[in-house]
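For reference, the structure is listed below as structure tokens.
There are 2 protein chains.
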Amino acid sequence: MNIKTVPLSNVKITGGFWELRQRIMRDISIAATYYQLKVTGRINAFKLDWQPGMPNPPHVFWDSDTAKWVETACYSLITKPDHQLREQVDELVASIVSAQQPDGYLNTHFTVVEPDNRFTNLRDLHELYCAGHLMEAAVAHFQATGSSGFLDAMSRYAGLIDATFGPADEGKKPGYCGHPEIELALVKLAKVTGNEKYLNLAKFFINERGNVPYYYEIEAEQRGEPPKPPLQVFKDREYRQSHVPIRDMEDIVGHAVRAQYLMAGATDIALETGDAELARACHVLWDDATVKKMYITGGMGARPEGEAFDDAYELPNDTAYAETCAAIAMFLWGHRMMLLDTDARYADAMERALYNGILSGISLSGDKFFYVNPLTANLVNKSLERTTWFGCSCCPNNLTRLVLSLGQYVYTTTDDALQVHFYVEGEANTAIKEVPVTIKQTTAYPWDENVAITLTMLSEAEFTIQARIPGWCRSYSIWVNDTALDTTQLPVEMGYVALTGAWHDGDVINLKFDMPVERVHAHPAVAADRGRVALQRGPIIFCLEQVDNGQNLESIVLPASSDLDASFEPSFLGGVVVLQGNAVKQDIDGWKGKLYSTHASDAKTIALKAIPYFTWGNRNPREEMIVWIRESP
Amino acid sequence: MNIKTVPLSNVKITGGFWELRQRIMRDISIAATYYQLKVTGRINAFKLDWQPGMPNPPHVFWDSDTAKWVETACYSLITKPDHQLREQVDELVASIVSAQQPDGYLNTHFTVVEPDNRFTNLRDLHELYCAGHLMEAAVAHFQATGSSGFLDAMSRYAGLIDATFGPADEGKKPGYCGHPEIELALVKLAKVTGNEKYLNLAKFFINERGNVPYYYEIEAEQRGEPPKPPLQVFKDREYRQSHVPIRDMEDIVGHAVRAQYLMAGATDIALETGDAELARACHVLWDDATVKKMYITGGMGARPEGEAFDDAYELPNDTAYAETCAAIAMFLWGHRMMLLDTDARYADAMERALYNGILSGISLSGDKFFYVNPLTANLVNKSLERTTWFGCSCCPNNLTRLVLSLGQYVYTTTDDALQVHFYVEGEANTAIKEVPVTIKQTTAYPWDENVAITLTMLSEAEFTIQARIPGWCRSYSIWVNDTALDTTQLPVEMGYVALTGAWHDGDVINLKFDMPVERVHAHPAVAADRGRVALQRGPIIFCLEQVDNGQNLESIVLPASSDLDASFEPSFLGGVVVLQGNAVKQDIDGWKGKLYSTHASDAKTIALKAIPYFTWGNRNPREEMIVWIRESP
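Here it is as structure tokens:
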């Protein structure tokens, strides 16, 4: 099929929902996160001047935080040149490169803190994970600047890693990183450099993982660690997805970010090599992850212990971990799955995460972040508040790098078709059948249901536009140059409606995805959501906050008959659609001195106001919030 | 007010619900639990022939299990002589007494396993707890047989304990047991022997507990134990209710059996001494326990970790611990509260536990037991099945001793009144104003709503009969000798209706407590029960089992409009009332491949059958069960 992404440099987001988010990130988040990298010592760590006895030694995952900042900044530069930011990036990149050792090694922690322990604890110490993020940063820097210094440095480091790790019969260590990331980074590096060695190394990491004898256990024995109890050993293996080879996995388990970075890398390998067995595993695990273990917000990994996937349908709301990075990881994996087969359910899950469980990770002000994204804030977890930084600060720069690179996920092309995966205002330049085409989207999506797609072309061409019908959408209309199409007659394949014809310069396709307020039910096996509904309009999942609806949100019951109206409030929470209608609220006062009663709670009618989930906690933090509302039929 | 219980020897349970239970316990349970005591080594432990190096050393709490068996058997003998059982008891008692050391000490574990460590670890090793249970057994044996050998032995042991523990300024150890029990036992011993010394020792234990410096920490230091982290120290204190003096407690916390045995002892002391400050604490903690931390079954202690009370309103159903012993402990405490002030809410809570969370602890066959009594059996805990015995087997003999001594809880008398607390078929002999009165109850309670009380008296006497209006009862009728009384004109004080008059031999009072099927709601703060109802009829709480209602009980929704009929099935589960009616069940099949949907589950009408909670798990164990059913208004 020869599917290709339309690269970031070709896609400009010029207005609407995402331009606002990108603007805030360019104006606020990039500086705010750089400040944190600086004051915590992460930037200066590359000077390698830490010495034993000094405070604040470079931590094992520090390099990755800085690398993601560089990557973010480069994506910003690709889409909007900024001389000052460019200088700041180049200076930091020079500092990073200066930390490279003569043999190509580049890791601040190991170089200054434990130089003798390089590559002796892949299980715990994030060494190749950091290398992977530095490689991704180097690729982005090359793409943003055309300067290859960082890329060359990381290629040298990749060469060292390749010389170190590989099949035991080649005299190499048969290891793989405790935190996957390098796999997908090596695929990027291979593509941009054209060097297949990196792809082969990624393939080795993917294929070797989970083989017996277990590398981490051999490695631990070599370090002289005492053996752990069998149950702990088993849990440790699952935590790092090293319990069985990927091909043999039937369930997605363990640390949710690791699992999904790994699967993103595995999907890359399946794509690059055409490995059908590996692709099968990617499909099985994707289904398990998104059909049994995904919050309605796209949050992934329910279990706080081990930041892990829980059992199927175990999706508690108040103790939900749903790490920002895990939702991002699903997005990154979904993008690769979409290249494997263009089924709209990938974009559906990605969109679900993007507008909800990912975006909730950042404050509207752009300088505060959530690491965990629960679906209920109550006594159990109501101390939650977005904060400027974390000790383990993977999420902030992961979120900004995703949003500032969003353009590259919007379109793909195949030989004779253009796929529109997401509805984002902006312009993209590509070519179909070698005819250059500019696609312009004009839309207030997700607040509004209309999307206008305008084609600018130098010559007429016959091709297909495959536009995704969002999974949340139950009815839609399409016009081509003001002529309404009979949508019942249009072919829809795997969630994409196909508009085939001879397209001309100036052609306009109008899409209207009806956006009623919907009540969503969860699979009956999800205990936490039984008898409850979530409110959704378009891709946006809503929530109730205490500041709008009073205390005891769990006492609110939404009658099935209650109509909810959607209205856009331009000066509320940065401009959002809110939902309003009547509900009833149970009265707690009548319960004084009683624990059980044959008399149900008295209830009074209240005016309900629901806001987009991603905006919660931006007014009065440490108050109640719920997504799943009790419903009375 | 001079309230007195009518002792067990004066109350015969002659038919109906409790005669059946007592009969099964006499015929089956007593022998079955003796067998377990025997084969596990508990009986032979009193021979003191264990030596270091031999397997199966006497465990620290073994003596208490045997003591409770003796107590149970003695209650059986008091209410129904049995020559063979008497011989078995006397033989065992002789063996127990033979294990007493010259100085009065009596504990199999410490005598043979660690003779040098007597009284050095009150915190963990149940030493005074075992002594307390042996004292209770000795009192029961004296009451059952008139023979004082065991009582004298335990008085000697109590003397040794009194010489060892007490105020530091008297040169004694200011300690108290990690597992309360001896306090209430010493009060019993004081009453039956008339020796105030034991009462004073109990008072010391109650008053000293929780004082600074903390005894257990001093004791641990003396044993050379390394100090624990501060949080652990704090948790350890709360676990054993030794964090503050009882008078300063505002919440009931920690291990639920320990907490309630302690409060039973504290209530005893408040009763015996008239200590208003202590009585206040008893009231505050009773309210906290029963108005904020009690399952609808009377189960106490929600939290498996530490077998402990959870926070207020934290009453999850599937992970409910609700240890059988903890519900029994509440019953024992409630009895003492009832003597402090005759408020029907004590008997209401006791009755709730008795018919539900206590009785669920034993199989209908009388030989298998539950230690924990969850309100939902599902994937989380569906491996639950009653078993013949436990490593820590406190519950079986605790349950039998309660049921076989039930008669003593039915009535109390004051100077000019008789209180009827529970409705139990049988006869009791007492005297009011020195006039001997026999009260006979004829009733199929709790299956039937009618209770007939017949008085047999040698002479007419004027007094008041205070009959408890059960808390579950919302309308009732009373007839005296076939004359209907106007219940609106009758004085009801703290839940007891007062019938005052000149009573004659042969007078019959008929009580009818209307028993509709009721839907019970929980306080809105109980998250697990929101949008759900429990079914109740009279004091019986019902549940649904998979064997009657199919799999996926959580998919059943009970419409508010659905009528439920109650019918007695004499040959089902030993003769129980079952509830039947229509409900709807959500269809899980339509959800294949979906996790969220705007389409609510399809539902079909099903015939619902609910059985008494206490009978659950007697047919197909390891299947689903729920108490709280989702309701649609």
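Protein chains in written order, with my numbering: chain D, 1297 to 1929; chain W, 1297 to 1929. Note that beta-carbon positions come from the ideal geometry of N, C-alpha and C, so glycine has one too.
Determine, using beta carbons only, whether residue i comes closer than 8 Å to chain D.
i	result
H1819(W)	yes
E1850(W)	yes
G1889(W)	yes
Q1882(W)	yes
A1896(W)	yes
Y1892(W)	yes
G1913(W)	no
G1827(W)	yes
R1926(W)	yes
For residue i, I'd like the list of residues in its chain whose CB is within less than 7 Å of its CB, leaving aside the five on either flank, ordered along the chain.
i	result
H1475(W)	H1422, Y1425, R1554
P1612(D)	A1598, A1824
M1633(W)	T1563, C1578, W1582, Y1642
V1747(D)	Y1719, Q1737, T1739, Y1741, L1807
Please report whether the beta-carbon of residue i lies at a distance below 8 Å from any beta-carbon of chain W.
i	result
Y1719(D)	no
K1588(D)	yes
R1697(D)	no
R1833(D)	no
V1923(D)	no
E1814(D)	yes
S1538(D)	no
R1265(D)	No information on residue 1265(D) is available, as it lies outside the stretch 1297 to 1929 that chain D covers here.
S1325(D)	no
A1823(D)	yes
Can you give the Cα-Cα distance for residue i and residue j, rounded to whole angstroms?
i	j	result
D1644(W)	G1442(W)	34 Å
V1549(W)	T1638(D)	57 Å
K1308(D)	A1369(D)	16 Å
P1353(W)	V1409(W)	7 Å
L1931(D)	V1923(D)	Chain D is shown from 1297 up to 1929; residue 1931(D) falls before or after that span and cannot be answered.
A1341(D)	T1796(D)	55 Å
F1605(D)	V1580(D)	15 Å
V1529(D)	M1590(D)	27 Å
T1752(D)	F1718(D)	19 Å
N1693(W)	A1740(W)	26 Å
C1621(D)	L1650(D)	11 Å
A1862(D)	H1895(W)	20 Å
With a CB to CB cut of under 6 Å and the five nearest residues on each side skipped, what residues in its chain are close to residue i?
i	result
G1870(D)	L1660
E1504(W)	P1470, Y1472
V1822(D)	Y1609, L1611
A1818(W)	D1825
L1849(W)	L1840, E1920, I1922
Y1705(W)	H1631
Buried or exposed for residue i, please, with buried defined as at least 16 other CB atoms from any protein chain shown within 10 angstroms of its CB.
i	result
H1379(W)	exposed
I1326(D)	buried
Q1518(W)	exposed
I1514(W)	exposed
G1467(D)	exposed
F1627(D)	buried
N1669(W)	buried
D1532(W)	buried
Quick one, which residues of the segment 1345-1377 of chain W are near chain D if we go by CB-CB under 8 Å, in chain order? So nothing in the stretch comes that close.
What residues in the segment 1592-1610 of chain D bring their beta carbon closer than 7 Å to a beta carbon of chain W? I1592
Residues of the segment 1739-1750 of chain W with a CB closer than 8 Å to any CB of chain D: list them in chain order, please. none
Positions along the segment 1857-1882 of chain W whose CB lies within less than 7 Å of some CB in chain D: Q1882
Identify each residue in the segment 1611-1623 of chain D for which the Cβ-Cβ distance to at least one residue of chain W is less than 8 Å, and report them in chain order. The segment 1611-1623 of chain D vs chain W, Cβ under 8 Å: nothing.
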